[in-house]
Structures are given as structure tokens and as C-alpha cells.
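Have a look at the structure below before the remarks.
2 protein chains.
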Amino acid sequence: MLEYLEKFKALSDETRLRIVHLLIEKNTPLCVCEFTDALEVSQYNVSRHLKILKHAKLIEENKEGRWVYFGLPKTEDAFTELIIEAIRRIPKSILSKDLEEIDKRLAIRTNGKCLTGVKKEHLLSTHPVKDKITKEFKK
Amino acid sequence: MLEYLEKFKALSDETRLRIVHLLIEKNTPLCVCEFTDALEVSQYNVSRHLKILKHAKLIEENKEGRWVYFGLPKTEDAFTELIIEAIRRIPKSILSKDLEEIDKRLAIRTNGKCLTGVKKEHLLSTHPVKDKITKEFKK
DNA sequence: TACATAGTTGCACAATTACGCATATAATAT
DNA sequence: ATATTATATGCGTAATTGTGCAACTATGTA
Numbered sequence: 022m023l024e025y026l027e028k029f030k031a032l033s034d035e036t037r038l039r040i041v042h043l044l045i046e047k048n049t050p051l052c053v054c055e056f057t058d059a060l061e062v063s064q065y066n067v068s069r070h071l072k073i074l075k076h077a078k079l080i081e082e083n084k085e086g087r088w089v090y091f092g093l094p095k096t097e098d099a100f101t102e103l104i105i106e107a108i109r110r111i112p113k114s115i116l117s118k119d120l121e122e123i124d125k126r127l128a129i130r131t132n133g134k135c136l137t138g139v140k141k142e143h144l145l146s147t148h149p150v151k152d153k154i155t156k157e158f159k160k
Numbered sequence: 022m023l024e025y026l027e028k029f030k031a032l033s034d035e036t037r038l039r040i041v042h043l044l045i046e047k048n049t050p051l052c053v054c055e056f057t058d059a060l061e062v063s064q065y066n067v068s069r070h071l072k073i074l075k076h077a078k079l080i081e082e083n084k085e086g087r088w089v090y091f092g093l094p095k096t097e098d099a100f101t102e103l104i105i106e107a108i109r110r111i112p113k114s115i116l117s118k119d120l121e122e123i124d125k126r127l128a129i130r131t132n133g134k135c136l137t138g139v140k141k142e143h144l145l146s147t148h149p150v151k152d153k154i155t156k157e158f159k160k
């Protein structure tokens, strides 16, 4: 019973629901800093919320070097599958801002992976960090 | 967003999840005193939890004289339908006690409706209240 | 009218949970 | 080694939520 209750509890927080919604819409694992920028939530809180979702087995963790990617679980039971399908029915318009922001972050990935030192405010042109990223990208 | 969040919050409490589970399994509206007996939760708390579920539009209220019946909503959106389907996937064995208890209560309904003055401890034979019920039943 | 039963609700308190801050850990680059 | 970046976490606090108790409304019955 706790197993099911825990999933509902995990989804009964706005930030966590937005996290899962992002994963469903983008259908690709995202790293902590990408969530942080897209949701405009502090890094330590994103991290904490991800931990709760992971414990509820609503997301899976995948370490890649310095980054930790979180995505939907690969093996889902019927219960979890239906919950995810339900979340997919939430109108995109309600969370369009999150989708816009994550798209900005995903646009600067290199080889499908997150880059270092990228903050939203750095996405402006002629910014030193963006220049660095651009350089990385050209490699 | 709040609309969806509210449904998850409503389901993130054990008593409330058990209430909805009962309604799904029995597929018929139940009254407050029936929930009270089946779940062994105080009547005022059952009432409060039902109010929360009703506000989240996960259940519907129906007054019949002195009794208030609560059942699954008639018109459900896709989101709610999928959530309910998910709950239906929770193994019956986990909540078999609730199902046993509600069956005892449902067994003494008259014309499909709840009777007055029935408490679980009164279901024993030769009890004055049960005798009264039995009399009622024969009418 | 008086009474009994079904259900609701205000209040105080306890438990839970989310957050900000500071700091710690882990991996990589210089 | 040292610095930098990504992520995690302990602590204190504020907000939220669940509960017991008692009082209340509402409906039906003697």
C-alpha cells in the first residue's frame, strides 16, 4: 500500500509534478542543472525533489561523469504506466513556460549531452561563457 | 495546474486512497457510516476525507434523506479516468480487509440502501439492534 | 415536542513536509 | 595539487496537513 501511496505523495508537489511532466513531454532524461534552469527552482531543491521521485520509483537515475541524468523508469508496472499516461493528459498550455525553458537548455546540448557552465543568463550572445560553449560545440 | 495537483494531493493520504479504492472495487456509492465501519476510521475523519476527495472532484456526493452517499464521478475527464484505472491496478490482496468489512455492511442493506443504527459490533446474532434491522428487513 | 441517528465543522495540537542557507562530496579541468 | 563545476545533504524554520474532541446541523422517529 505504501508503494502506491508514495507515488501519489511524490506527485502531490508542484515542482515534482512539473519535473515528471517535463520528462514525459521531452521523452529524454534531463540532468539536474537543466531542471534547475527550466523550472527556475534552486539547485538544492531540484536535487531533493528528484530524490523523492526516485525513491517513489517514478524516475530513474543515471550518472554520467559529473552529471546525473534523470528519466522515466524503463520497466514500469501497470499502475505507474497509467499514472504517467494521466500526467500526459495535462494540457501542455498549462506548463508551456517550462517547455520553452527546457527547449532553450536542450538547444545547447552537445552530442545530446549537457554542457558545463551553462546558465540561462549566459544564453545571450557575446557572453564569455556562451563563447566558450560555442567553442566546445565546434570541436 | 492546481486542478491536477489537487487530485494527487487528495490521493496521497492512506485513508482517502482506501476510500477511492473501495468505491472502485464495489462500484457503487457508499454512505459515510459504511466507510466508517469498513475502514475503522472515526466518523468525523471519514467525513473530512470525503470532503477533500469531493473538492478534488474524485468523488461525487448524493444526499438521500439522512444519509449521504459518495460515489465515483459520473463525468470523468481523461486524466481522472486514468488515475482511477491506475488505482484499480492496486492488488486487491493489499486491501482485502477493507473489502471484507464493506461486504459485511453491504450485506445488511435493504433495497440496496443503508439502514439505520447499524454498527459493526451489532452484526452479531441476538443483538437488539440487529433484531431491529432484521425486522426492518422483513417489511 | 422530544429524541436518536447521520453527518459536518471549528479549534488546538502533533506530525509531516518544503524551503533557505551553508556546506559537503564527486568529477573534471588547469 | 588546486580550482571549478555538478550535485547532494544536514540543520533550523515556516507552512501544511491530519487528528481528537466537542459542538453543531439536519433528517427522521416516537
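Sequences listed follow chains W and L, in order. Counting from 1, position 138 in the first sequence corresponds to residue 159 in the numbering used here; the numbering is continuous, with no gaps. Counting from 1, position 132 in the second sequence corresponds to residue 153 in the numbering used here; the numbering is continuous, with no gaps. We put the CB at the ideal spot given by N, CA and C, even for glycine.
One thing to note: Phe91 of chain L has its Cβ no nearer than 9 Å to the Cβ of Leu60 of chain L. Counting only runs of at least 3 residues, the stretch 36-60 of chain W fully encloses no beta strand (DSSP E) element at all. Look at Lys134 of chain W here: in three-state DSSP terms it is strand.
Legend: CB atoms of the stretch 95-111 of chain W lying less than 7 Å from CB atoms of chain L belong to residues Ala99, Phe100, Leu103, Ile104, Glu106, Ala107, Arg110 and Ile111. The beta carbons of Ala31 of chain W and Leu103 of chain L sit no closer together than 9 Å.
What Leu32 of chain W touches in chain L, judged by beta-carbon distance under 7 Å, is Phe29, going in chain order. Chain-ordered, the chain L residues with CB closer than 9 Å to the CB of Leu26 of chain W read Leu32, Ser33, Asp34, Glu35 and Leu38. Apart from sequence neighbours up to five positions away, the residues of its chain that approach Arg109 of chain L with a beta-carbon distance below 7 Å are Ile45, ordered along the chain. Taking a beta-carbon distance threshold of 9 Å, Ile73 of chain W does not count as an interface residue toward chain L. Fewer than three Cβ pairs drawn from the stretch 55-74 of chain W and the stretch 71-86 of chain L lie within less than 8 Å of each other, which leaves the two stretches out of contact.
9 Å or more divides the Cβ of Asp58 of chain W from the Cβ of Arg130 of chain W. DSSP places Glu82 of chain W in the uninterrupted beta strand (DSSP E) bounded by Glu81 to Glu85. If one requires a minimum length of 3 residues, the beta strand (DSSP E) runs lying completely within the stretch 66-125 of chain W are 81-85 and 88-92, in chain order.
In the structure shown, Leu32 of chain W falls within a coil segment according to DSSP collapsed to helix, strand and coil. Tyr25 of chain W is classed as buried because its beta carbon has at least 16 other beta carbons within 10 Å across all chains shown.
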